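Peer 1: Chains as they are written, first to last, in this note's numbering: chain A, 80 to 167; chain B, 80 to 167; chain C, -17 to 130; chain D, -17 to 130. Every residue gets a Cβ at the ideal spot worked out from N, C-alpha and C, and that includes glycine. Since the model is a prediction, treat every value here as computed from it, not as a measurement.
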Amino acid sequence: MNVLYFAWLRTKIGIGEETLELPEEVTTVSEFLDWLGQRGPTYLEALQDRSVVRVAVNQEYVPFDHVLAPDDEVALFPPVTGGLDGVT
Amino acid sequence: MNVLYFAWLRTKIGIGEETLELPEEVTTVSEFLDWLGQRGPTYLEALQDRSVVRVAVNQEYVPFDHVLAPDDEVALFPPVTGGLDGVT
Amino acid sequence: MIRVQQGKFDVGAEIAEVCEGDFAVGGIASFVGVVRDTGSGPSGFMTLEHYPGMTERKLADIEQQARARWDLANVLIVHRYGKLAVGEQIVLVITASAHRDAALESCHFLIDWLKTDAPFWKYEEDGQTGGWVGARESDDEAKLKWRD
Amino acid sequence: MIRVQQGKFDVGAEIAEVCEGDFAVGGIASFVGVVRDTGSGPSGFMTLEHYPGMTERKLADIEQQARARWDLANVLIVHRYGKLAVGEQIVLVITASAHRDAALESCHFLIDWLKTDAPFWKYEEDGQTGGWVGARESDDEAKLKWRD
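Rendered as structure tokens:
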């Protein structure tokens, strides 16, 4: 499975992209995040507050109970801060 | 008194600008329009429907009972059709 | 800032200039009006007559009204007059602000005013016939929405 | 039409192109967003990160929503990413229509969406320190007004 990280999730985890083989018992996004957190302290710290983690599967937002497929592109990122910058 | 004509008032009367000496008894815009209409058939025709004649004195809109002064710049024109053209 | 001119304007250059060096400006709204095809086909044209002097006064006045009502860093209104072909840009309104709502709403307000109250008269020609354009009532209604 | 790019855009050229040859278009509304000075002074800058592919999908989707809601002849959204200095143009929205309300309202709608939902993340730097920008709640409220 191809996994992408953006913004501070990327800088905390230290990489922007990796290919991971998920164990069979990991089926939902939520289970995937639990499993990912056990891969090391940087993952654990980056994923500890789930309220600021958004997940897209194949470039569409999904809820945490979404079921993953082996060929999915999974992206983890903080809530978007919007594009437009200059105005209130 | 300097008198200006715009749009179809200009094309009907046939000139864009003229200097006129008003008789003493002509004091208001309304009296001025009556007097102007007697100057010839083109004036009469142009001014016959007062509801489509707008008057500005010294570049400000004035009502028909406005009192004129000898040095005024008086402009006669139809209701404006606006600047912007392309959109509804 | 207002300008009444015969020549074309350069939208990109005007937008760049309107907030040059002003780093508090975050958003610039603009509206460009184009001479439409009024059924005469793309070869038609329009002549815009105005009252030099009074036009500038009226435009400057509406700019002040917009500035009093919204928090604007800058305002530019450029209006052309003279003979304009179908497809030509005729009017440009730019409003710059730190607030996107202020920029967009004031731009809308100015455009509604220009559509109805700008002291211009239009003469339309399709190559064979021509005529002065009359006032439109529906535009006056659009203006009423800006009343407090 | 949507574009996500690193390089600058030319507002005037984009506006001219958006209604090139379309004589039914009478008005073109646009909005240019500029990188503001967030207190770091005019020498600060911002890096805009995005998710290539998803960004384009999301922008194309909101364009379709605007076209479904308003009678628009054309829509262009250009959004930049990468490192941008204070004062640089960051986003451009152009909406062209035969109706000024449609052009201006849809432009406002798209800008509100871009401000809140465009899939970008901002990293601000003032030369010494830097940090990721958090989401803002007040912007979400602005978006609610477009709900039917």
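My guess is that Tyr140 (chain A) and Arg133 (chain A) are in contact by the Cβ rule of under 8 Å, so how many angstroms apart are they, rounded?
Peer 2: Stepping through the first sequence from its first residue, residue 140 (chain A) is reached at position 61. Stepping through the first sequence from its first residue, residue 133 (chain A) is reached at position 54. With a Cβ gap of about 7 Å, Tyr140 (chain A) and Arg133 (chain A) count as contacting.
Peer 1: Measuring from the CB of Phe156 (chain A), is there a heavy atom of the ligand MG at a distance below 8 Å?
Peer 2: Looking at this structure, you won't find the ligand MG or any other ligand, since it has none at all.
Peer 1: For Gly15 (chain D), which residues in the same chain have their Cβ closer than 6 Å to its Cβ, ignoring the five residues on either side in sequence?
Peer 2: On the fourth sequence, position 33 is the one that residue 15 (chain D) refers to. Excluding residues within five positions, the ones whose Cβ falls inside 6 Å are Ile72, Val73.
Peer 1: Assuming Leu30 (chain C) and Gly64 (chain C) make a contact with CB atoms under 8 Å, what is their CB distance in whole Å?
Peer 2: The residue labelled residue 30 (chain C) in the question sits at position 48 within the third sequence. The residue labelled residue 64 (chain C) in the question sits at position 82 within the third sequence. With a Cβ gap of about 6 Å, Leu30 (chain C) and Gly64 (chain C) count as contacting.
Peer 1: Thinking C-alpha only, which one of C:Leu92, C:Tyr105, C:Gly116, C:Gly112 is nearest Lys127 (chain C)?
Peer 2: Within the third sequence, numbered from 1, the residue matching residue 127 (chain C) stands at position 145. Ranking C:Leu92, C:Tyr105, C:Gly116, C:Gly112 by Cα distance to Lys127 (chain C) puts C:Leu92 first.
Peer 1: What in chain B is Cβ-close to Ile93 (chain C), meaning under 7 Å?
Peer 2: Your numbering for residue 93 (chain C) matches position 111 in the third sequence. Within 7 Å Cβ-Cβ: Leu163.
Peer 1: Taking the alpha carbon of Val60 (chain D) as the point to measure from, which residue in D:Lys104, D:Arg82, D:His81, D:Ser12 has its own alpha carbon closest?
Peer 2: One-based indexing of the fourth sequence puts residue 60 (chain D) at position 78. Minimum Cα distance to Val60 (chain D) is reached at D:Ser12.
Peer 1: Distance check for Ala6 (chain C) and Asp113 (chain A), CA to CA, integer angstroms please.
Peer 2: Here residue 113 (chain A) refers to the residue found at position 34 when the first sequence is read from its first residue. Here residue 6 (chain C) refers to the residue found at position 24 when the third sequence is read from its first residue. Their Cα atoms are separated by approximately 44 Å.
Peer 1: Taking a Cβ distance cut-off of 9 Å, strictly less, list which residues of the segment 78 to 92 of chain D are near chain C, in chain order.
Peer 2: Taking 9 Å as the Cβ-Cβ cut-off against chain C, the residues of the segment 78 to 92 of chain D that qualify are Ala78, Ala80, Arg82, Asp83, Ala85, Leu86, Glu87, Cys89, His90.
Peer 1: Quick test of your reading: Ser(-16) (chain D) and Ile76 (chain D), contact by CB under 8 Å. State the CB separation rounded to the nearest angstrom.
Peer 2: Mapped onto the fourth sequence, residue -16 (chain D) falls at position 2. Mapped onto the fourth sequence, residue 76 (chain D) falls at position 94. Correcting the residue type first, residue -16 (chain D) is Ile in the shown sequence and not Ser. So it is not a contact: roughly 11 Å between Cβ atoms.
Peer 1: Keeping to the same chain, check which residues put their C-beta closer than 8 Å to that of Gly40 (chain A); ignore five residues upstream and five downstream.
Peer 2: What the structure shows of chain A is the stretch from 80 to 167, and residue 40 (chain A) is not part of that stretch, so it cannot be assessed.
Peer 1: Rounded to the nearest angstrom, how far is the Cβ of Ala55 (chain D) from that of Ala80 (chain D), given a contact under 8 Å?
Peer 2: One-based indexing of the fourth sequence puts residue 55 (chain D) at position 73. One-based indexing of the fourth sequence puts residue 80 (chain D) at position 98. With 8 Å as the limit, Ala55 (chain D) and Ala80 (chain D) qualify as a contact, their Cβ atoms being about 7 Å apart.
Peer 1: Taking a Cβ distance cut-off of 7 Å, strictly less, list which residues of the segment 122 to 146 of chain A are near chain D, in chain order.
Peer 2: The segment 122 to 146 of chain A vs chain D, Cβ under 7 Å: Ala135, Gln138.
Peer 1: In three-state terms, what does DSSP make of Ile59 (chain C)?
Peer 2: Locating residue 59 (chain C) in the third sequence gives position 77, counting from the first residue. In this structure, Ile59 (chain C) counts as strand in the three-state DSSP scheme.
Peer 1: What separation, rounded to the nearest whole angstrom, lies between the Cα atoms of Leu147 (chain A) and Asp53 (chain D)?
Peer 2: Position 68 of the first sequence, counted from the first residue, corresponds to residue 147 (chain A). Position 71 of the fourth sequence, counted from the first residue, corresponds to residue 53 (chain D). Answer to the nearest angstrom: the Cα atoms are 40 Å apart.
Peer 1: Output yes or no for whether 9 Å exceeds the beta carbon distance between Glu87 (chain D) and Lys(-10) (chain D).
Peer 2: Here residue 87 (chain D) is taken as the residue at index 105 of the fourth sequence, counted from 1. Here residue -10 (chain D) is taken as the residue at index 8 of the fourth sequence, counted from 1. No; because the gap between Cβ atoms is not below 9 Å, this pair is not in contact.
Peer 1: Applying the criterion that 16 or more other CB atoms from any shown protein chain within 10 Å of the CB defines a buried residue, is Ala125 (chain B) buried or exposed?
Peer 2: The residue labelled residue 125 (chain B) in the question sits at position 46 within the second sequence. Per the 10 Å Cβ criterion, buried.
Peer 1: Is the shortest distance between the beta-carbon of Arg39 (chain C) and the beta-carbons of chain D less than 9 Å?
Peer 2: By 1-based counting over the third sequence, the position of residue 39 (chain C) is 57. No, Arg39 (chain C) lies away from the interface with chain D (no Cβ there is under 9 Å from its Cβ).
Peer 1: Counting only the same chain and skipping the five closest in sequence on each side, list residues whose C-beta sits under 8 Å from that of Ile92 (chain A).
Peer 2: The residue labelled residue 92 (chain A) in the question sits at position 13 within the first sequence. For Ile92 (chain A), where only same-chain residues beyond five positions count, the Cβ hits under 8 Å are Tyr84, Thr121, Tyr122, Ala125.
Peer 1: Report the rounded CA-to-CA distance for Thr37 (chain D) versus Val159 (chain A), giving the unit in angstroms.
Peer 2: In the fourth sequence, the residue the question calls residue 37 (chain D) occupies position 55. In the first sequence, the residue the question calls residue 159 (chain A) occupies position 80. Approximately 11 Å between the Cα atoms of the pair.
Peer 1: In chain C, what lies closer than 9 Å to Ala134 (chain D) by C-beta?
Peer 2: What is shown of chain D runs -17 to 130, which leaves residue 134 (chain D) out entirely.
Peer 1: What residues in the segment 85 to 100 of chain B bring their beta carbon closer than 7 Å to a beta carbon of chain C?
Peer 2: Listed by position, the residues of the segment 85 to 100 of chain B near chain C (Cβ gap below 7 Å) are Phe85, Ala86, Trp87.
Peer 1: With a floor of 3 residues, list each beta strand (DSSP E) that falls wholly inside the segment 125 to 161 of chain A, ordered by position along the chain.
Peer 2: Fully enclosed beta strand (DSSP E) runs of 3 or longer: 133 to 136, 152 to 156.
Peer 1: Can you check whether the CB of Tyr105 (chain D) is closer than 9 Å to the CB of Gly116 (chain D)?
Peer 2: What you label residue 116 (chain D) is simply residue 134 of the fourth sequence in a count that begins at 1. What you label residue 105 (chain D) is simply residue 123 of the fourth sequence in a count that begins at 1. No, the Cβ-Cβ distance between Gly116 (chain D) and Tyr105 (chain D) is not below 9 Å.
Peer 1: For Met28 (chain D) versus Val68 (chain D), is the C-beta distance shorter than 9 Å?
Peer 2: Position 46 of the fourth sequence, counted from the first residue, corresponds to residue 28 (chain D). Position 86 of the fourth sequence, counted from the first residue, corresponds to residue 68 (chain D). Yes, they are a contact pair.
Peer 1: By a C-beta neighbour count over all protein chains shown, 10 Å radius and 16 as the cutoff for buried, is Gly9 (chain C) buried or exposed?
Peer 2: Position 27 of the third sequence holds residue 9 (chain C). When all chains shown are included, Gly9 (chain C) counts as buried.
Peer 1: Taking all protein chains shown into account, decide if Thr98 (chain D) is buried (16 or more other Cβ within 10 angstroms of its Cβ) or exposed.
Peer 2: For the purposes of this step, residue 98 (chain D) is identified with residue 116 of the fourth sequence, where counting begins at 1. Buried is the call here.
Peer 1: Compare the beta carbon distance of Arg18 (chain C) and Leu163 (chain A) with 9 Å and say whether it is the shorter of the two.
Peer 2: Numbered from its first residue, the third sequence carries residue 18 (chain C) at position 36. Numbered from its first residue, the first sequence carries residue 163 (chain A) at position 84. No, the Cβ-Cβ distance between Arg18 (chain C) and Leu163 (chain A) is not below 9 Å.
Peer 1: In the segment 4 to 80 of chain C, which residue ranges form an unbroken beta strand (DSSP E) of at least 3 residues, counting only runs that do not cross its ends?
Peer 2: Here the runs fully enclosed are 9 to 16, 27 to 32, 56 to 62, 64 to 67, 71 to 79.
Peer 1: Residues in the same chain with beta-carbon distance under 6 Å from Glu152 (chain A), minus the five sequence neighbours each way, listed in chain order, please.
Peer 2: If you number the first sequence from 1, residue 152 (chain A) lands on position 73. Contacts found: Asn81, Asn137.
Peer 1: Name the DSSP bridge partner or partners of Arg(-15) (chain C)?
Peer 2: Reading the third sequence from its first residue, position 3 is the one you call residue -15 (chain C). According to DSSP, which records beta bridges pairwise, Arg(-15) (chain C) is partnered with C:Val60.
Peer 1: How close, in whole Å, do the beta carbons of Ser109 (chain B) and Phe156 (chain B) come, if the pair is a contact with beta carbons under 8 Å?
Peer 2: As a first step, residue 109 (chain B) is located in the second sequence; it is residue number 30 there, counting from the start. As a first step, residue 156 (chain B) is located in the second sequence; it is residue number 77 there, counting from the start. Actually they are not in contact, since the Cβ atoms of Ser109 (chain B) and Phe156 (chain B) sit about 16 Å apart, beyond 8 Å.
Peer 1: Can you tell me where the beta strand (DSSP E) holding Arg83 (chain A) begins and where it ends?
Peer 2: Against the first sequence, residue 83 (chain A) aligns to sequence position 4. Reading the sequence as shown, one finds Leu at residue 83 (chain A) and not Arg. Taken as a continuous stretch (DSSP letters only), the beta strand (DSSP E) holding Leu83 (chain A) covers 81 to 84.
Peer 1: Use the C-beta contact count for Pro102 (chain B): other C-beta atoms within 10 angstroms, 16 or more gives buried, fewer gives exposed.
Peer 2: Taking the first residue of the second sequence as position 1, residue 102 (chain B) is located at position 23. Label assigned to Pro102 (chain B): exposed.
Peer 1: So which residues on chain D does Ala154 (chain A) lean against when the C-beta distance must stay under 8 Å?
Peer 2: For the purposes of this step, residue 154 (chain A) is taken as residue 75 along the first sequence, with counting starting at 1. What Ala154 (chain A) touches in chain D: Tyr33, Met36.
Peer 1: Excluding five sequence neighbours on each side, which residues of the same chain lie with their C-beta closer than 8 Å to the C-beta of Thr107 (chain A)?
Peer 2: If you number the first sequence from 1, residue 107 (chain A) lands on position 28. Excluding residues within five positions, the ones whose Cβ falls inside 8 Å are Phe143, Asp144, His145, Val146, Leu147.
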